[in-house]
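Q: Which chain is which? The protein sequence lines are A and B, in order.
Here the first sequence stands for residues 1 to 330, numbered as in full-length UniProt numbering.
Here the second sequence stands for residues 1 to 330, numbered as in full-length UniProt numbering.
Where is the CB? At the ideal position from N, CA and C, for every residue including glycine.
Given the structure is predicted, the values throughout are model-derived calculations rather than measurements.
2 protein chains.
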Amino acid sequence: MNNILCCNAGRRGRLMIDMRKTIGDSGNVVATDNWSVAPAIFFANKQYVVPKITHPNYIQEVLGICKKEDIKAIFTLIDPEIDLLASNKKKFEEIGVLPLCPSKQTADLCFDKYSMYLYLKNHGVNTPLTFHELDDFKAAYFKGEIQFPVFIKPRTGSGSVGAHKVNTMQDLENYYAENAFDYIIQEFMQGDCDADAYIDYYSKEVVSIFSKKKIETRIGGASKTISFKDQRLFDFVQSFMHLFDFAGAIDMDFFFRDGEYYLSEINPRFGGAYLHAYGAGVDFFKLIINNINGVTNEVRIGDYDEGVLMLMYDDVVITKEVDLLRDYHD
Amino acid sequence: MNNILCCNAGRRGRLMIDMRKTIGDSGNVVATDNWSVAPAIFFANKQYVVPKITHPNYIQEVLGICKKEDIKAIFTLIDPEIDLLASNKKKFEEIGVLPLCPSKQTADLCFDKYSMYLYLKNHGVNTPLTFHELDDFKAAYFKGEIQFPVFIKPRTGSGSVGAHKVNTMQDLENYYAENAFDYIIQEFMQGDCDADAYIDYYSKEVVSIFSKKKIETRIGGASKTISFKDQRLFDFVQSFMHLFDFAGAIDMDFFFRDGEYYLSEINPRFGGAYLHAYGAGVDFFKLIINNINGVTNEVRIGDYDEGVLMLMYDDVVITKEVDLLRDYHD
Numbered sequence: 001m002n003n004i005l006c007c008n009a010g011r012r013g014r015l016m017i018d019m020r021k022t023i024g025d026s027g028n029v030v031a032t033d034n035w036s037v038a039p040a041i042f043f044a045n046k047q048y049v050v051p052k053i054t055h056p057n058y059i060q061e062v063l064g065i066c067k068k069e070d071i072k073a074i075f076t077l078i079d080p081e082i083d084l085l086a087s088n089k090k091k092f093e094e095i096g097v098l099p100l101c102p103s104k105q106t107a108d109l110c111f112d113k114y115s116m117y118l119y120l121k122n123h124g125v126n127t128p129l130t131f132h133e134l135d136d137f138k139a140a141y142f143k144g145e146i147q148f149p150v151f152i153k154p155r156t157g158s159g160s161v162g163a164h165k166v167n168t169m170q171d172l173e174n175y176y177a178e179n180a181f182d183y184i185i186q187e188f189m190q191g192d193c194d195a196d197a198y199i200d201y202y203s204k205e206v207v208s209i210f211s212k213k214k215i216e217t218r219i220g221g222a223s224k225t226i227s228f229k230d231q232r233l234f235d236f237v238q239s240f241m242h243l244f245d246f247a248g249a250i251d252m253d254f255f256f257r258d259g260e261y262y263l264s265e266i267n268p269r270f271g272g273a274y275l276h277a278y279g280a281g282v283d284f285f286k287l288i289i290n291n292i293n294g295v296t297n298e299v300r301i302g303d304y305d306e307g308v309l310m311l312m313y314d315d316v317v318i319t320k321e322v323d324l325l326r327d328y329h330d
Numbered sequence: 001m002n003n004i005l006c007c008n009a010g011r012r013g014r015l016m017i018d019m020r021k022t023i024g025d026s027g028n029v030v031a032t033d034n035w036s037v038a039p040a041i042f043f044a045n046k047q048y049v050v051p052k053i054t055h056p057n058y059i060q061e062v063l064g065i066c067k068k069e070d071i072k073a074i075f076t077l078i079d080p081e082i083d084l085l086a087s088n089k090k091k092f093e094e095i096g097v098l099p100l101c102p103s104k105q106t107a108d109l110c111f112d113k114y115s116m117y118l119y120l121k122n123h124g125v126n127t128p129l130t131f132h133e134l135d136d137f138k139a140a141y142f143k144g145e146i147q148f149p150v151f152i153k154p155r156t157g158s159g160s161v162g163a164h165k166v167n168t169m170q171d172l173e174n175y176y177a178e179n180a181f182d183y184i185i186q187e188f189m190q191g192d193c194d195a196d197a198y199i200d201y202y203s204k205e206v207v208s209i210f211s212k213k214k215i216e217t218r219i220g221g222a223s224k225t226i227s228f229k230d231q232r233l234f235d236f237v238q239s240f241m242h243l244f245d246f247a248g249a250i251d252m253d254f255f256f257r258d259g260e261y262y263l264s265e266i267n268p269r270f271g272g273a274y275l276h277a278y279g280a281g282v283d284f285f286k287l288i289i290n291n292i293n294g295v296t297n298e299v300r301i302g303d304y305d306e307g308v309l310m311l312m313y314d315d316v317v318i319t320k321e322v323d324l325l326r327d328y329h330d
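Structure, rendered in structure tokens:
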């Protein structure tokens, strides 16, 4: 059975629906969350309320679910758990579960955006000019190597929390003085776009890419996107993939300037707008099922139409308090 | 035919789905927006891209759609259009369309939260203590009539844009100095809850109420809610309804303190979380259909279960650029 465990499914209800559509009767979608009212778990075949990922029992609980539900592959939908899965890859492999997550080293790079910058620069991969120390930025600024506006964001973190466009040195100094986050300063680039990709569990090759431009962004991510294809982007992605050790779905952000793409960051999990790729026929769940069955996926990049739109809206789960699973307590 | 026109449907896709479910084959749901990629219009039986509501042709365009589609009732989902429909009620009535919107006077009160406060206070309706001028607030503060924290929000406006909890006089003065909005200052109250209600087009009575508490709020509104029933709230709503002239769905915000409810504001349109009411069996579309057919609805308040939950998540419309309606141009 192609049973897949999706950890901390949260609000990703449509992802569960899509996954079940692909898996059909060939397996179960099992979803967890630490809150019994996470909407996504209601769309899974089976659902578990688990402790928070910081709980000492967490991995044991998840391994227990894997055994009980005969799980064949596992992935998480929240950033802080990626490192945890990466650190425990072996434990899952030992019980026959494919951990669809990066290696520990790659997870660390994706989590720490300044380390990622240094790593990319060191390997000659196009990436926006980035600073961590305010003094280093100032030195570069006074040498004319970077101008305002700049973009600041937390060195670690996900979503758009703490990310700001900054127009003046005074504002930048204020942000650093406020010290709300450990910031990095990135040159401000336009032409942003992003891509979902699937990295085969066995070959470690990128076997599928779906790229899209943002039409509208709301708090938390893109809410309207349109698909496009550009061989230069596909080539760029393939050019740097050997520097990392991914497995499964990833989500990458890029900028485009003067005919060249720049890698901004990589989230080694299903992106919030992967729903677009699925809707356009780029089905990563099929690729997971192949991997579960020992099949190495063939490289098929760009197998979708341009001009396909994704338009996000709110839907709801209606349920009864008496029917909820119990929240986890020690 | 029970044809209903929903203006500026925006992201309210699930509302369209629910409405079509109730109307079934008895009529069409027709939806408009000024942007061809508004997700909700894809769920309507028929859809139109219209000018912005500020366009001089707007009302003519809408009246034209009403005639062409044999529309029997109209409502809007965006606040700024409520006043426009209210001002043009007669034009709709003349062509046999029920305008499900308040009178102009009631629309003005709902739009201007300080006028609403004065009106409620004048009529002895419980409402949070509110100030418009900073000096008036200070006078009351130094007399000990109000304490920090307070809640400030734009005098006019919808959603949570510009709304803040403020803890000190210094912060309050800063907000007024920044002058980003024409603010009102409200005493900070806890125990917030809200209610959807339907006011019959003919009797002007409130014939249905659904009340719920917020479990989780995200930017733009409640994302997890739970239903409750309290006769005191139902009595309170019925006690002040004669002060207004509504028709159709409204959404009200309340606070609860020391055994009494306080009315905070009224949005005279379907609230974003009306989906909860529908999911719990409180079907305002049936009431609209009755009104369309000349039937006055009977008062049936509290006809739902407590402990029903609504959990919001993101779903998507997938469509093709080539299939989009053209955006409106002069």
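Could you tell me whether the Cβ of residue 222 (chain B) comes closer than 8 Å to any Cβ of chain A?
A: no
Q: Give the DSSP-derived three-state secondary structure of residue 41 (chain A) in the structure shown.
A: Looking at residue 41 (chain A) - three-state DSSP - the assignment turns out to be helix.
Q: Count the other CB atoms within 10 Å of the CB of residue 211 (chain B); is the residue buried (16 or more) or exposed (fewer)?
A: buried
Q: Can a CB atom of chain A be found closer than 8 Å to the CB of residue 258 (chain B)?
A: Not closer than 8 Å to any Cβ of chain A, the Cβ of residue 258 (chain B) fails to qualify, so no.
Q: Mind checking whether residue 184 (chain B) and residue 146 (chain B) have CB atoms under 8 Å apart?
A: Not in contact: residue 184 (chain B) and residue 146 (chain B) (Cβ atoms no closer than 8 Å).
Q: Cβ closer than 9 Å: which chain B residues qualify as neighbours of residue 78 (chain A)?
A: Within chain B, no residue comes near residue 78 (chain A); the closest Cβ sits about 15 Å away, beyond 9 Å.
Q: Excluding the five sequence neighbours on either side, which residues of its own chain have a C-beta within less than 8 Å of the C-beta of residue 155 (chain B), listed in chain order?
A: 112, 113, 114, 132, 181, 182, 183 and 184
Q: Less than 8 Å separating the beta-carbons of residue 251 (chain B) and residue 278 (chain B)?
A: no
Q: Kindly indicate the opening and closing residues of the alpha helix (DSSP H) around residue 201 (chain A).
A: From DSSP, residue 201 (chain A) is part of no alpha helix (DSSP H); its letter is neither H nor E.
Q: Does the Cβ of residue 291 (chain B) have 16 or more other Cβ atoms within 10 Å, making it buried, or fewer, making it exposed?
A: buried
Q: What are the start and end residues of the beta strand (DSSP E) that includes residue 333 (chain B)?
A: With chain B represented from 1 up to 330, any question about residue 333 (chain B) goes unanswered, as that position is not in the structure.
Q: Helix or strand or just coil, what does DSSP make of residue 77 (chain B)?
A: coil
Q: Which chain B residues sit within Cβ distance under 9 Å of residue 14 (chain A)?
A: 313, 314, 315 and 316
Q: Under a CB-based cut-off of 8 Å, is residue 132 (chain B) close to chain A?
A: no
Q: Does any CB atom of chain A fall closer than 8 Å to the CB of residue 279 (chain B)?
A: yes
Q: Starting from residue 22 (chain B), find everything on chain A with Cβ-Cβ shorter than 8 Å and list it in chain order.
A: None at all; the shortest Cβ gap to chain A is about 15 Å.
Q: Is the beta carbon of residue 261 (chain A) less than 8 Å from the beta carbon of residue 126 (chain A)?
A: Yes, the Cβ-Cβ distance between residue 261 (chain A) and residue 126 (chain A) is below 8 Å.
Q: Any idea if residue 322 (chain A) is buried or exposed, counting beta-carbon neighbours within 10 angstroms, 16 or more meaning buried?
A: exposed
Q: Nearest chain A C-beta to residue 308 (chain B) closer than 8 Å, yes or no?
A: yes
Q: Mind listing the chain B neighbours of residue 165 (chain A)? Cutoff is C-beta to C-beta under 8 Å, in chain order.
A: Those within 8 Å of residue 165 (chain A) in chain B number zero; the least Cβ separation is about 18 Å.
Q: I think residue 367 (chain A) touches residue 198 (chain A), with their Cβ atoms under 8 Å apart; what is that distance to the nearest whole Å?
A: Nothing can be reported for residue 367 (chain A): it is not among the residues displayed for chain A, which extend from 1 to 330.
Q: What are the residues of the stretch 27-39 of chain B that lie near chain A, defined by any Cβ-Cβ distance shorter than 8 Å?
A: 37, 38 and 39
Q: Would the beta-carbon of residue 69 (chain A) fall within 8 Å of that of residue 5 (chain A)?
A: yes
Q: In the DSSP assignment, find the beta strand (DSSP E) that holds residue 122 (chain B) and state where it starts and stops.
A: Per DSSP, residue 122 (chain B) belongs to no beta strand (DSSP E); it is in the alpha helix (DSSP H), 113-122.
Q: Could you give the distance in angstroms between the alpha-carbon of residue 195 (chain B) and the alpha-carbon of residue 209 (chain B)?
A: 6 Å
Q: Ends of the alpha helix (DSSP H) at residue 366 (chain B)?
A: Any answer about residue 366 (chain B) is impossible in this case: the structure gives chain B only from 1 up to 330.
Q: Applying the 10 Å Cβ sphere with the 16-neighbour rule, what's the burial state of residue 102 (chain A)?
A: The residue in question, residue 102 (chain A), is buried, as its Cβ has 16 or more Cβ neighbours within 10 Å.
Q: Tell me where the alpha helix (DSSP H) around residue 64 (chain A) begins and ends.
A: 58-68
Q: Under 8 Å between the Cβ atoms of residue 1 (chain B) and residue 285 (chain B)?
A: no
Q: Based on DSSP bridge pairs, tell me the residues matched to residue 300 (chain B).
A: Per DSSP, none; premise fails for residue 300 (chain B).
Q: State the beta-bridge partners of residue 147 (chain A) as determined by DSSP.
A: In DSSP, residue 147 (chain A) forms no bridge with anything.
Q: Return no unless some Cβ of chain B is closer than 8 Å to the Cβ of residue 275 (chain A).
A: yes
Q: Compare the C-alpha of residue 234 (chain B) against each of B:247, B:299, B:189 and B:314 and name the closest.
A: Ranking B:247, B:299, B:189 and B:314 by Cα distance to residue 234 (chain B) puts B:299 first.
Q: Within 8 Å, do at least three Cβ pairs link the stretch 50-64 of chain B to the stretch 25-42 of chain B?
A: yes
Q: Using a Cβ-Cβ distance under 8 Å, would residue 319 (chain A) count as near chain B?
A: Yes, contact with chain B.
Q: Around the Cβ of residue 139 (chain A), are there at least 16 other Cβ atoms within 10 angstroms (buried) or fewer (exposed)?
A: Label assigned to residue 139 (chain A): exposed.
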